[in-house]
Amino acid sequence: MQAYLHSQILLVLEGMEGVPSDFVLEFQQPGNPEHGDLACNAAMQLARHLKRGPKQIADAIKAGLEALPLDANKISAVEVAGPGFLNFRISPSYLFNALSEILTTGSTYGHTAEGKGKRALVEFVSANPTGPLTVGHGRNAVLGDTIARMLQWTGYEVEREYYFNDAGRQMRVLGESVKARYLAALDPKIATKMIGEGNEKVEVPEPFPEDGYLGDYIAEIAKELVASNEKIDLNDTDRFKRAAEQKIFAEIGATLERMGIHMDSYFNERSLYDSGQIWKIIDRFREKDLAYDKDGAVWLKTTAFGKEQDTVLVKSTGEPTYRLPDIGYHIEKLERGYDRVVDVFGADHIATFPDVVEGVRALGYDADRIEVVIYQFVTLVRSGQPVKMSTRKATYVTLDELMDEVGEDVTRFFFLMRSPNTHLEFDLDLAKEASDTNPVFYLQYAHARIQSILRKADEIGMTLQGEVDLTLLSHETEIALIKTLMGLPSNISRAAELNEPHRLANFLREVAVAFTQFYGNCRIIGEAENLARARMLLATATAQVLKNGLVVLGISAPDRM
RNA sequence: GCGCUUGUAGCUCAGCUGGAUAGAGUAUUGGAUUCCGGUUCCAAAGGUCGGAGGUUCGAAUCCUCUCAAGCGCACCA
1 MQAYLHSQIL LVLEGMEGVP SDFVLEFQQP GNPEHGDLAC NAAMQLARHL KRGPKQIADA
61 IKAGLEALPL DANKISAVEV AGPGFLNFRI SPSYLFNALS EILTTGSTYG HTAEGKGKRA
121 LVEFVSANPT GPLTVGHGRN AVLGDTIARM LQWTGYEVER EYYFNDAGRQ MRVLGESVKA
181 RYLAALDPKI ATKMIGEGNE KVEVPEPFPE DGYLGDYIAE IAKELVASNE KIDLNDTDRF
241 KRAAEQKIFA EIGATLERMG IHMDSYFNER SLYDSGQIWK IIDRFREKDL AYDKDGAVWL
301 KTTAFGKEQD TVLVKSTGEP TYRLPDIGYH IEKLERGYDR VVDVFGADHI ATFPDVVEGV
361 RALGYDADRI EVVIYQFVTL VRSGQPVKMS TRKATYVTLD ELMDEVGEDV TRFFFLMRSP
421 NTHLEFDLDL AKEASDTNPV FYLQYAHARI QSILRKADEI GMTLQGEVDL TLLSHETEIA
481 LIKTLMGLPS NISRAAELNE PHRLANFLRE VAVAFTQFYG NCRIIGEAEN LARARMLLAT
541 ATAQVLKNGL VVLGISAPDR M
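For the first sequence, our numbering gives the first residue as 1, with consecutive numbering after it.
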């Protein structure tokens, strides 16, 4: 529709003197229904160039459009309003066609083609396997997965990847923690000590690594090792690490599957070392005079990227910092040929990822393909009070526990309903509320209610077989609902373009509101048969839009609740 | 001290590429409704968009300065 008006207005402008050749037409959807369905501000933009009042210009464009004339099956009215807006009204026949399209395309309504023939990689979660996924990881997981779903709906071929490092200090400490518990499990009389503060003290065996992992799952892994009766060389600390990694990864995978998330690949940081790529990167930085030696370490000239200080690439111990493999990993991803490389990071990475992106760019890669989604932290709130969380101590809340408490759908929705870059307050009381005040249930209820009406209609023998006269839909809430439903494709593509799933969540609420208003004003069952059947189709289309939107968000659309 | 993010109704948050009278949910108040002090419906009220400048025909939106909060500022990842 916008494309049509765009071309028509350009035709008119061609016949006008003084219009700049690079003039760009802009459209917007007015918030106020009195302002029509689509508005164009060209007259106001042109006032300066044409040295005429914007209202005069708008009148001239309007006259020009009417002389063409405009297709009455698309546009029913053109109005000049306010300071010089051109307001267009979409003709009902166009709306009815759109409604039919929803019904015929069904479960694929909302697919668009922006990404056709393009590939995207979404890297997310990427938690090292040191423990169960927590609430914080949950926001990451759901954002990443939903972004991937949105990209798929806009035509991209999408892969989901999990990046991890099982070679660092974290993992070594993990292995040592398991070993300590293993020894304790073998010998119940082993000495113990209490560590931690206040009422968060935990009993651990002696010896226990400093900063060791305190969660119960460590002891469980140790017990399973004992139960397996495997002969373990106690000097082989790596054996404990591998056991822990295997078990924890299995659990992480299960948690993700429970949320409807399936990774296509797991990328081990170590493979970058195995291929030797890492060290070549340093040489390439040196060639560009972006790396140098100082104090036995290799430094990256991040000052060249506008940073205050240079940063270390390789420590004097010979071990690289995270920057080097991260740069290597992103180069690797770009070389795999993706058009969009999306990373989902927590707010703690906010200051560090620019080094990586600029490093990649400095080596001649198209770093604009890298899109970083930063999300702020999550606060769980119960009875108006924040729930205390500490990952290092055993006081964190796992993602599984959260889902046990509020359910998978609610968990996903709550992580998605706010913009990623605002702090998220996760209200557990609201999340558990099974009523309209809970935004998830509000959407699901709307869908279930429609299904219930359709079932009832079926019971009394109403059928949608044969011709249905959609022009009977003339009530303002019916027209408003159709216009809302038509917004699904553009909302998905906009949300996908910006990596902002909350836009879709907000849109679905608008759909549910529009439906509730229709439902409150128009009956279906009990009306004359022709009207009832037209309304059944409208209700069916509404259910389809809600369902498709919920599918993109990874949330179920139940037929009854 | 430096960097990034955020600041919109009492609270939780939307607000598109700069557009017309800044929106929703919840809480509050009033009215109606009922098996219920708990349900539902209707309505009202609630705002100098943190503050000050600037750009523009037009700014919550863009720019500069400033205040406040969160996060980050290791040869940790």
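Note that CB positions come from ideal geometry on N, CA and C, so glycine has one too. Computed from a prediction, not measured in an experiment: that's the story for all the values here.
(request) Go to Glu497, then tell me how far its alpha helix (DSSP H) extends in each direction, as first and last residue. (result) For Glu497, the enclosing alpha helix (DSSP H) begins and ends at Leu488 to Leu498.
(request) Report the residue from Ala543, Ala448, Arg533 and Asn235 whose alpha carbon sits nearest the alpha carbon of Met486. (result) Ala543
(request) Output the residue ranges of the beta strand (DSSP E) runs that lie fully inside the region 87 to 137 and measure 3 residues or longer, sorted by chain position. (result) 119 to 123
(request) Please check the pair Leu424 and Thr379, which I expect to be a contact at CB under 8 Å, by giving their CB distance rounded to whole angstroms. (result) 7 Å
(request) Along the beta strand (DSSP E) that carries Phe164, what are the first and last residues, could you check? (result) Where Phe164 is concerned, the enclosing beta strand (DSSP E) stretches over Glu157 to Phe164.
(request) Mind checking which residues open and close the beta strand (DSSP E) that includes Leu313? (result) Thr311 to Val314
(message) Quick check on Arg382: does DSSP put it in helix, strand or coil?
(response) strand
(message) Report the start-end ranges of each beta strand (DSSP E) in the region 306 to 350 that is 3 residues or longer and not cut off at the edges.
(response) 311 to 314 and 340 to 346
(message) I'd like to know whether the C-beta atoms of Ile628 and Gly328 end up nearer to each other than 7 Å.
(response) This structure does not reach residue 628, given that the chain is present from 1 up to 561, and the question cannot be answered.
(message) Which runs of the beta strand (DSSP E) at least 3 residues long sit entirely within the region 395 to 466? Give them in chain order.
(response) 424 to 427
(message) For Val314 and Met171, I'd like the C-alpha separation in whole angstroms.
(response) Straight-line Cα distance between these residues: approximately 20 Å.
(request) Quick one: using the 10 Å Cβ neighbour count with 16 as the cut-off for buried, is Arg392 buried or exposed? (result) Residue placement at Arg392 is poorly supported in this model, since its pLDDT is 49, which falls under 50; the coordinates still yield a value, given next. By the 10 Å Cβ count, Arg392 comes out exposed.
(request) Label Ile252 either buried or exposed according to how many other C-beta atoms from any shown protein chain fall within 10 Å of its C-beta, with 16 as the threshold for buried. (result) buried
(message) Taking the alpha-carbon of Leu13 as reference, which of Glu220, Ala184, Gly36 and Leu68 has the nearest alpha-carbon?
(response) Leu68
(message) Let's test the definition: count the other Cβ atoms within 10 Å of the Cβ of Asp164 and tell me whether it reaches 16, buried, or not, exposed.
(response) In the sequence as displayed, the identity of residue 164 is Phe instead of Asp. Phe164 is buried by the Cβ-count criterion.
(request) Return the residue from the list Ala72, Asn491 and Thr154 that minimises the CA-CA distance to Glu510. (result) Asn491
(message) Quick check on Ile221: buried or exposed, where buried means 16 or more other Cβ atoms within 10 Å of its Cβ?
(response) Result: buried.
(message) Buried or exposed, going by whether 16 or more other CB atoms sit within 10 Å of the CB of Met561?
(response) So Met561 ends up on the exposed side.
(message) Quick check on DSSP: helix, strand or coil for Pro30?
(response) coil
(request) Assess, as a yes-or-no matter, whether the region 432 to 448 is touched by the region 459 to 477 under the definition of 3 or more beta carbon pairs within less than 8 Å. (result) no
(message) Going by DSSP in three states, Pro354 sits in which element: helix, strand or coil?
(response) Three-state DSSP puts Pro354 in a helix.
(message) To the nearest angstrom, how far is the alpha carbon of Ala557 from that of Gln385?
(response) Rounded to the nearest angstrom, the two C-alpha atoms are 31 Å apart.
(message) With the cut-off set at 7 Å, would you say Thr112 and Thr154 are in Cβ contact?
(response) A distance below 7 Å separates the beta carbons of Thr112 and Thr154.
(request) Take every Cβ of the region 201 to 209, pair it with every Cβ of the region 227 to 242, and state whether three or more of those distances are shorter than 8 Å. (result) no
(request) With a threshold of 16 other CB atoms inside 10 Å of the CB of Met194, please say whether the residue is buried or exposed. (result) exposed
(request) Give me the Cα-Cα distance between Met536 and Gly549, rounded to the nearest whole angstrom. (result) Using only the alpha carbons, I get a separation of about 20 Å.
(request) Please go through the same chain and pick out, in chain order, the residues whose beta-carbon is closer than 6 Å to the beta-carbon of Ala250, but skip the five residues on each side of it. (result) None.
(message) My output table needs one value for Ala528: the three-state DSSP class, helix, strand or coil.
(response) coil
(request) Since I believe Ser91 is in contact with Glu161 (beta carbons under 8 Å), could you give me their beta-carbon distance rounded to a whole number of angstroms? (result) In fact, because the Cβ distance is near 47 Å, the residues do not count as touching under 8 Å.
(request) Would you mind reading off the limits of the alpha helix (DSSP H) that contains Pro54? (result) Pro54 to Ala67
(message) Would Val357 and Ile374 qualify as a contact pair, given that the criterion is a beta-carbon distance under 7 Å?
(response) no
(message) Does Arg336 pass the burial test, meaning 16 or more other C-beta atoms within 10 Å, or should it be called exposed?
(response) exposed
(message) The alpha helix (DSSP H) that contains Ala43, what's its start and end?
(response) Ala42 to Leu50
(request) Consult DSSP for Leu300 and reduce its assignment to one of helix, strand or coil. (result) For Leu300, the three-state secondary structure derived from DSSP is strand.
(message) Do Leu553 and Leu430 have their beta-carbon atoms positioned less than 7 Å apart in this structure?
(response) no
(message) So, at 7 Å on beta carbons, what are the nonlocal neighbours of Gly318 in its own chain, with the 5 sequence-adjacent residues on each side left out?
(response) none
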